[in-house]
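From first to last, the protein sequence lines are chains A and B. Under the working numbering, think of the first position of the first sequence as 74, with each following residue one higher. Under the working numbering, think of the first position of the second sequence as 438, with each following residue one higher. This report refers to the structure that appears directly beneath it.
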Amino acid sequence: MKAAPFHFHQPTTLTELAGLLATLANAKILAGGQSLMAMLNLRLFNPDHLIDINAIADLATLRHAAGKIEIGAMVRQHVLLQAPLIAQHLPILSQALGHVGHLQTRSRGTIGGSCCHLDPSAELPAMCALLDADFTVNGARGRRIVPARHWFEAPMQAALAEDEFLESISIAPWSSTHGHGFAEYARRHGDYAIVGAGALLEADVDGKIGRAALVLFGCDTAPQRLPQAEAALIGTKVTELDVAMLAAEARAQTMMTDAQVTSAYRARLAGIMIQRAVKQAQGRINKERA
Amino acid sequence: MSARYFGASVARSEDARLLTGQGLYVDDIEMPGLLHVAFVRSPMAHARIKSIDLASARAMPGVVAAYTMGDFADLAEGPMPPMAPHPLIKEPLTCHPLAQTEVCYVGEAIAMVVAQDRALAESAAMAVMVDLQELPGVADARAALATDSAPVHLGRDSNLLASLHTKFGDVAAAFAAADHSLTESFATHRGGCHAMECRGVVATYDQREDHLSIYTSSQAPFMVRRHLATYLARDEQTIRVAAPDVGGGFGPKATVYPEEFAVALGALKLGQPLKWIEDRQEHFVATNQQRDQFWTLDVAFTKTGKILGLKGHGIHDSGAYAPYGLILPGNALVCFPGPYALQAIDIHLDVALTNLVPTSPVRGASRPNVAFILERIIDKVARYLGLSRDAVRAASFVRASQMPYFTGGVSRDGSRVSYDSGDYQKALDLALEKIGAADFATRQRAALKRGKLLGLGLASCVEDTGIGPFEGASLRITPKGKLVIATGAAAQGQGHATVLAQIAADELAMDMADITVEAGDTGRFPLGLSTVGSRIAVTAGSSVHVAAQKLRSKALHFASLKLEVSADDLELSEGAVQVKGVPGLKIPLADIARALAGTTGVPLPGGMEPDLAATAYFESSGVTFAYGSNACEVEIDAETGDTRVTRYVVVHDCGRMINPMIVEGQIRGGVVHGIGNALFERMLHDEQGQPLTTTYGEYLLPMACEMPNIEIHHLETPSPRNPLGVKGAGEAGTIPAAPCVISAIENALEAQLGKAAPFITHHPVSPLDVVDWLDDAQ
């Protein structure tokens, strides 16, 4: 359980980083290291080059600009959890962050690291999917934007080329009157969830749902939005949501099975968690309207 | 003896050092020329070794040597000596330090690589070419005993290692006399030890002295020396084995391991010091576990809930070898009939070989398994008769007036099992009072309003502790007047240095700060056995007490000669012998020590023996029985099946407590271990014996967030079987915890489902089980 030998690089600028990625073969980027270090020690990865991006200050910025929240890839989970900007504009992200690991892991772990590693049960990629985040990708060939719906390219594989890196994630907040809900089930506090769910609801002045977003995670290899259920919610009164329909829709999604958790139990949890998330969102939206 | 320290929650003298990073664990040992070892391990549960090619590994960067067993032929050969031979095992079944022709579990060591650092050694280990011919593996102990099962070892026609049997009384008569009888089957599962510090070995050979030194993270350094000396055909005098600071043992570190031998062989062969530190991946596949026991028992009982007799049989998973003989299954049979007075039992236990890592005791060592069965049976009888669970216990307990109580069973040492002291009913009554059983129904109704199912669990237990024959101790006053206690009993974090010093400090009226303890090092004390079975307070503690009395007499005798005062008129005070009532008239212990160290040409006074020192081996011939009752509450989320233990009450009696804080630490840790066994820890393998849970993401150890506050209440019934009146406390927290939690889950489900509630016969229980039970009943 000791990593195989590798060359260590520690760039301090984005240009330097792009240059290294363009020239080095079999390189791996080290962000907060909460998954990668263990995987290196287990020799699940044997990169020839490890590029530590912790010294690049430009990756650790958090700002509110042009109506969007822009989160640098190296912003620590702990910083996000403490940030009033996030609590105010992206409250579901704050709520989800409370379930990400433990204080110790959050103090190192980054949003970019989590969104590039893409564990199927991770909360942050799921929230990015729910919030339709835009991923700003950079590299020697230039900058491009990848919308969340294209980010999850394959199981545990983000839409990044070998010479590219994730620079930042930008998210447009929902209206100040939206309701949010988050629920997950893990056997132990701080574990990756077996299944989790997020919900965002916006109502018009008549108390009818005008916008809805729902996500499940931990069920399949990537977070699953529930477009049919979302569409069905539009136009329904906030006070009259058919949560049973949502649960049925959630249970009907693709479910993984593994040595300890069956797909049937995942489906059961998916139904429960989506209901819990939606009920929270419903309660919060009502409060805003009241 | 004054009781300044005994019975007080004295702060642990180890802690300042350990908590500030000043501990010396095996991995902290550095020496010039130290090289690092990595093992090549079997990726298959069962295979024939066709060839091992070390050439590419030897050519890797930083590699100094690579060995198979054949490379050590000039030093030793054959399988390791058995630690605990048993007449029922006709041919010992132990592995080779490095497997030669066949591997019988995933993780069995095949070859070793020595390199400049561990990472290079691991890279080279991956380059060793091992040609294995895969053979069918057997992963389930029940399947292993089927007549058509594949053999776990080539050339052994049966996977049955031994059949054990215990009986007393006339079981047929007990069943004939009973109003009712029931048959139930159980599947108990326990995982591994998961000590914070994995295993580790440093070996160094001094050619000029022809002396081999081993540092090992072990509970039994003297056993390592004994069996290594046998294996190497060396005199024990030429081997020193020391257990430095050890970060937890919990049972599996009491076994002598192939890696200890292999690293020693490598150091002898190479003439350079070697270090091997087990990593967590290796710990999951190469350190002994406990795993499965399957039982089917018939119980006979009266209509008032008095249990009369038990009969039936069990299957114990031994794993691929039996390095520790039949200790673990043997323990299971000794645990019957628990805290209950039965007329008769007749129980068989078959020990099955499987292609899995060997099993050996994990905290509790079969006692938790048997407690689970007994407590589940009691709960079942209560449900069957419509009685309360405590009523059935009350009807069946051994009563305080029956002490000492001969159960009818026979102990591991052949003696008749007799419970020494205690009041089992009192412990249960106190547990029920402290958990608030009387108004539980109110809490249960309130929880239901929140959508939660609340359950109340109970479990009682008795635990044999302090098994003999001895752990000795020697005490010596240094010329500076300090006391050095040496004992063979190795410590793994229990606080031995504190409690042994407490005992001596009172007897010798010394300050604890003037006492040091040297333990678990064959270079510092001649004999030692093993820190297992909650035995050190009884054995080593009593030896310290007896040796301190001897040393005290010697100091008084010297002073009586010097001061010409009767020894009866002398007392020890603040590191000196003084005339009672005349504080000025005294001789410091330091002066006595110097005088008894001798001066050339000067006779010792009164023909006294030299040295202000004394040694004692208290013979622990009568086992002491700790006991207790636990009660807990669990809260179940009926939608997800999530089960949380929300309250936990322990009532426990380990006789006189030397240090209540340390006892509580042991109990609390033990309960956590038991809750882990009830709800979280499962070591999974596929049908072929491939382990499936080899990281802490997959193998769920309980963590602080999942633990309730654990409330502990003590009873103190002194044991009459040792001078201190103490009983062991290391495992008592674990033993009743799993049945207590499971009893609470069943109770919660019963409140919801009534008669349709399941009778729970296995652990750990997962949320998937809980939702299945809820779904099945509705």
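Yeah, the Cβ is synthetic: ideal placement off N, Cα and C, and Gly gets one too.
*To which residues of the same chain is Gln1216 (chain B) closer than 6 Å at the C-beta, ignoring the five residues directly before and after it?*
Because chain B is modelled from 438 through 1215, residue 1216 (chain B) falls outside the range shown and cannot be assessed.
*Taking Phe623 (chain B) as the reference, give the member of B:Leu786, B:His1199 and B:Cys1142 with the closest Cα.*
B:His1199
_In chain order, each alpha helix (DSSP H) run of at least 4 residues that lies wholly inside the segment 200-265 of chain A_ = Annotation note: the segment 200-265 of chain A contains the following uninterrupted alpha helix (DSSP H) runs of length 4 or greater, listed N- to C-terminal: 221-224.
*asked:* Extract the residue ranges of the alpha helix (DSSP H) inside the segment 442-521 of chain B, only unbroken runs of 4 or more that lie entirely within it.
replied: 452-456 and 492-495
_To the nearest angstrom, how far is the alpha carbon of Asp866 (chain B) from that of Gly846 (chain B)?_
C-alpha of Asp866 (chain B) to C-alpha of Gly846 (chain B): approximately 27 Å in a straight line.
*From this set, B:Pro681, B:Leu945 and B:Ala941, which residue's C-alpha is nearest Ser980 (chain B)'s C-alpha?*
B:Ala941
_What would DSSP say about Gly544 (chain B), mapped onto helix, strand or coil?_
coil
*Around the Cβ of Asn99 (chain A), are there at least 16 other Cβ atoms within 10 angstroms (buried) or fewer (exposed)?*
exposed
*Kindly indicate which residue of B:Gln839, B:Ala874 and B:Leu869 has the alpha-carbon position closest to the one of Asp857 (chain B).*
B:Gln839
*Interface flag, Ser560 (chain B) vs chain A, CB-CB below 8 Å*: Contacts with chain A at 8 Å (Cβ-Cβ) include Ser560 (chain B).
*asked:* Suppose contacts are defined by Cβ-Cβ distances below 8 Å. Is Ala564 (chain B) in contact with Ser655 (chain B) by that definition?
replied: no
*Can you grab the Cα-Cα spacing for the pair Met746 (chain B) / Ala453 (chain B), in whole Å?*
Checking the displayed sequence, the identity of residue 746 (chain B) turns out to be Gly instead of Met. Going by the C-alpha atoms only, they are around 52 Å apart.
*What is the C-beta distance between Gly801 (chain B) and Cys1069 (chain B), in whole angstroms, given that I count them as a contact (C-beta under 8 Å)?*
At roughly 17 Å, the Cβ-Cβ gap does not stay under 8 Å, so Gly801 (chain B) and Cys1069 (chain B) are not in contact.
*asked:* Going by DSSP in three states, Leu790 (chain B) sits in which element: helix, strand or coil?
replied: strand
_Nearest to Pro681 (chain B) (by Cα), restricted to the options B:Ala928, B:Ala448, B:Ile952 and B:Asn1159_ = B:Ala928
*Taking the CB atoms as reference points, tell me whether Pro789 (chain B) and Leu598 (chain B) lie closer together than 8 Å.*
Looking at the sequence itself, residue 789 (chain B) is Ala, so the reference to Pro does not match. Their beta carbons are under 8 Å apart, which means Ala789 (chain B) touches Leu598 (chain B) by this criterion.
*Backbone CA spacing between Gly703 (chain B) and Tyr668 (chain B) [nearest angstrom]*: 14 Å
*Near-chain B residues of the segment 252-281 of chain A - C-beta to any C-beta below 9 Å*: Tyr258, Arg260, Arg261, His262, Gly263, Asp264, Tyr265 and Ile267
*According to DSSP, is Phe79 (chain A) helix, strand or coil?*
coil
*Do you know whose CA, among A:Ala323, A:Asp277, A:Arg216 and A:Lys141, lies nearest Thr309 (chain A)'s CA?*
For Thr309 (chain A), the closest alpha carbon among the candidates A:Ala323, A:Asp277, A:Arg216 and A:Lys141 is that of A:Asp277.
*Who are the Cβ neighbours of Gly1111 (chain B) in its own chain at under 6 Å, not counting the five residues just before and after it?*
Thr1171, Ala1174 and Ala1175
*Tell me whether Pro1020 (chain B) sits in a helix, a strand or coil according to DSSP, three-state version.*
strand
*Distance cut-off 7 Å: Ser446 (chain B) Cβ against heavy atoms of the ligand MN*: In the structure on display, the ligand MN does not appear, and there are no ligands present to speak of.
*For Phe81 (chain A), count neighbouring C-beta atoms within 10 Å of its own C-beta (all shown protein chains included) and say buried if the count is 16 or more, exposed if not.*
exposed
_Spatial neighbours of Ser600 (chain B) within its chain, please: C-beta separation below 8 Å, excluding the five flanking residues on both sides._
So the list reads Leu525, His785, Leu786, Asp787 and Val788, once near-sequence residues are dropped.
*Assuming Gly269 (chain A) contacts Gln353 (chain A) (C-beta within less than 8 Å), just tell me the rounded distance between them.*
Contact flag wrong, Cβ pair sits at about 13 Å.
*Residues from the segment 327-339 of chain A in contact with chain B, defined by Cβ distance under 8 Å*: Here the close residues are Ala332, Gln333, Val334, Thr335 and Tyr338.
_Contacts that Ile345 (chain A) makes with chain B (C-beta to C-beta distance below 7 Å)_ = Glu1076 and Thr1077
*Around the Cβ of Gln384 (chain B), are there at least 16 other Cβ atoms within 10 angstroms (buried) or fewer (exposed)?*
Since the first residue shown for chain B is 438 and the last is 1215, residue 384 (chain B) is missing from the structure and cannot be characterised.
_Whether or not the segment 964-979 of chain B and the segment 918-938 of chain B are in contact is what I'm after, with contact meaning three or more pairs of Cβ atoms, one per stretch, closer than 8 Å; do they touch?_
These segments touch.
*In chain order, what residues of the same chain have a beta carbon less than 8 Å from the beta carbon of Leu1190 (chain B), not counting five sequence neighbours either side?*
If we look at Leu1190 (chain B) and ignore the five residues flanking it on each side, its Cβ neighbours are Trp1210, Leu1211, Ala1214 and Gln1215.
*Are there 16 or more other CB atoms within 10 angstroms of the CB of His223 (chain A), so buried, or fewer, so exposed?*
Exposed: under 16 other Cβ atoms inside 10 Å.
*Residues within the segment 1192-1206 of chain B neighbouring chain A, beta-carbon criterion of under 7 Å*: Leu1205
*May I have a chain-ordered list of the alpha helix (DSSP H) segments no shorter than 4 residues that lie completely inside the segment 940-1014 of chain B?*
973-1000
*Using a C-beta cutoff of 8 Å, does Pro198 (chain A) count as contacting chain B?*
no
*Counting pairs of Cβ atoms below 8 Å between the segment 479-493 of chain B and the segment 537-557 of chain B, do you hit three or more?*
yes
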